[in-house]
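Okay, so here's the structure we're looking at.
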Amino acid sequence: MHTDSTVLYLAAASIGFFHTLLGPDHYIPFIVISRARKWSMWKTNLITFLCGIGHVGSSILIGFIGILLGIAVNKLTPIETTRGSVAAWLMIAFGLIYFIWGLRKAIKQKEHTHKHVHSDGKIHIHKHSHFKEHSHVHEKKSIKELTPWILFTIFIFGPCEPFIPILLYPAAQNNIFDIVMVTIIFSTVTIGTMMLVVTTSLFGFKFLPKLNIERFMHAIAGATIFLCGVGIEFLGL
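At position 30 of the sequence shown (counting the first as 1) the number is 427 in the working numbering, and the numbers step up by one without a gap.
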């Protein structure tokens, strides 16, 4: 293996790792939605993996098209920037809508008490929530089914900005093997890091003290995703 190739592979792995780790949008949406939806670890990792495929795959496709058409990297960068802005606004919109829906659900889930006086004079008090008893089945089903697809759509638009410059370097050398290896290494490390952070974070939540905020989890998830989108679009995260 040539020294240049070794350096290139290490660069692909390290950039894939740090790019993902330093980009909270790569994992926070999965963590908060998983907590709110009570997804199993297996389901959460599956959805994270598929969204990672869409996230990396879209940049791979654009990079390969650029190689085939001989497009310079400076002409592909604006495309990735535009895609990033679209993904950020989709995340902002999804987070805001999910927050409003979650807040509405939390308010309706507020428990209240009823008193019942029995014939023997004893007073019985119980709590209940009308929303839990009368929630519409179709509303629950539609939201549960749409959430993974919405996340997948957002991540398809989300670009891997560092990938194309790394990919085009071996392409300029007409080195097909390095092109394939860089693609595999960068994709594997990026998706693997996403899944690692999500899994570690969800596992860590088990050791935190339990707070009485269960009915607000959907609203918290929506607000968190909304702030992620704002951070990407306006703070360059």
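By construction, the Cβ of each residue, glycine as well, lies at the ideal position given by its N, Cα and C atoms. All values reported here derive from a predicted model rather than from experimental measurement.
For residue j and residue i, the rounded distance between their alpha carbons
i, j, result
"F461", "V579", "12 Å"
"F574", "H615", "46 Å"
"A409", "I582", "6 Å"
"L359", "L565", "Missing from the structure shown is residue 359; the chain here goes from 398 to 634 and no further."
"A490", "D401", "44 Å"
"I468", "T478", "16 Å"
"S584", "E630", "24 Å"
"S411", "I561", "15 Å"
"L599", "G492", "20 Å"
"G628", "Q570", "37 Å"
"I464", "P475", "16 Å"
"G481", "I457", "15 Å"
"T621", "I425", "8 Å"
"A485", "I504", "28 Å"
"K502", "I459", "41 Å"
"K607", "K440", "23 Å"
"L407", "V586", "11 Å"
Exposed unless 16 or more other CB atoms sit within 10 angstroms - verdict on residue i
i, result
"H527", "Bear in mind that a pLDDT of 49 at H527, under 50, signals an unreliable position, so the number given afterwards is only what the model happens to contain. Result: exposed."
"L405", "buried"
"T403", "exposed"
"T590", "buried"
"S532", "Note on S532: pLDDT 47, under 50, position unreliable in the model; the coordinate value appears next. Under this definition S532 is an exposed residue."
"L632", "exposed"
"H555", "According to the sequence as given, residue 555 is Gly; it is not His. Answer is buried; the Cβ neighbour count reaches 16."
"H535", "Here the model assigns H535 a pLDDT of 46, short of 50, so the residue's position is not dependable and the matter cannot be decided."
"P567", "buried"
"M592", "buried"
"V453", "buried"
"I610", "exposed"
"L548", "buried"
Cβ pair residue i, residue j closer than 9 Å
i, j, result
"W498", "G619", "yes"
"L418", "G626", "no"
"F427", "I588", "no"
"I553", "S455", "yes"
"F623", "F415", "no"
"T544", "I430", "yes"
"F443", "F613", "In the sequence under discussion, the amino acid at residue 443 is Leu, which differs from the Phe named in the question. The answer is no: Cβ separation not under 9 Å."
"P379", "G413", "With the chain covering 398 to 634 only, the question about residue 379 has no answer from this structure."
"H423", "V577", "no"
"F602", "R432", "yes"
Span of the alpha helix (DSSP H), counted from its first residue to its last, around residue i
i, result
"P562", "F560 to A569"
"L407", "T400 to L418"
"E630", "M614 to L632"
"F602", "I573 to F602"
Which runs of the alpha helix (DSSP H), 4 residues or longer, sit entirely within the region 432-498? 438-466
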